[in-house]
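Counting in the numbering used here, the sequence shown runs without a single skipped number right up to 1134 at its last residue. Just so it is clear, CB atoms sit at the ideal spot from N, CA and C, and this is done for glycine as well. All values derive from a computational prediction rather than experimental measurement. Reading through the structure tokens given below for one structure.
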Amino acid sequence: MAESNSTPVTEVVLNEKNFEVLVAKFVPTSQYFERSFQMLQNQMADFKEDQKELKADINRRFQETDAKILDLREGQKDFKADMDKRFGQVDKRFGQVDKRFEQVDKRFEQVDKRFEQVDKRFEQIDMHFQQVNSKLDQIMERVDVKIDAGLREGRSLTVKLFSFAMVFSAISMAGLVAKMTGLF
């Protein structure tokens, strides 16, 4: 029974025609190669087109980069010119400040000269005061001498007047005593 269900195996005879069909099934035809070459050519064309676009894009980017570099250089030149201008202005300001300091120095020199003149004036005034002081000392000495002489004269005059008054009083008393006693 098992044999009844199975399909009979037929023998395949390998002849030239079957061999060609078999080879044709395994070996690709020229159309296959033409299609493969066509696809390969299309891919190569696309690759070349992409390569051209990439090259154009790279060239464009290099040009943009060159333009940016030129702009930066121009900006740098402008910046340098601006900085040179500003440094020139700063140099002018420093020159003005230097002139002002020179003027201030001249003014200080003038003030120093004035102080020297004032010092000389004070020295003259000091000498004048010393002269006045010495003159006052001389005058005071003269006055002291005169006062001392006047006091001596006044004392001697006072002593003379006192002596005279005492003598007069003594004589008056003697006269009074004599009159009271009847001597006169």
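heavy atom of the ligand SAH below 6 Å from residue i C-beta
i, result
"K1030", "Annotation note on the ligand SAH: not contained in the displayed structure, which lists no ligands."
Span of the alpha helix (DSSP H) around residue i
i, result
"E1014", "S980 to T1131"
Buried or exposed (CB count within 10 angstroms, at least 16 for buried), residue i
i, result
"A952", "Any reading at A952 must be qualified, since the residue scores a pLDDT of 49, below 50, and its modelled position is unreliable; no value is offered."
Sequence-distant residues of the same chain with beta carbon closer than 7 Å to residue i, five excluded per side
i, result
"L892", "The chain is shown from 951 up to 1134; residue 892 falls before or after that span and cannot be answered."
"E984", "none"
Same chain only: Cβ atoms within 8 Å of residue i, ignoring 5 sequence neighbours per side
i, result
"L1022", "none"
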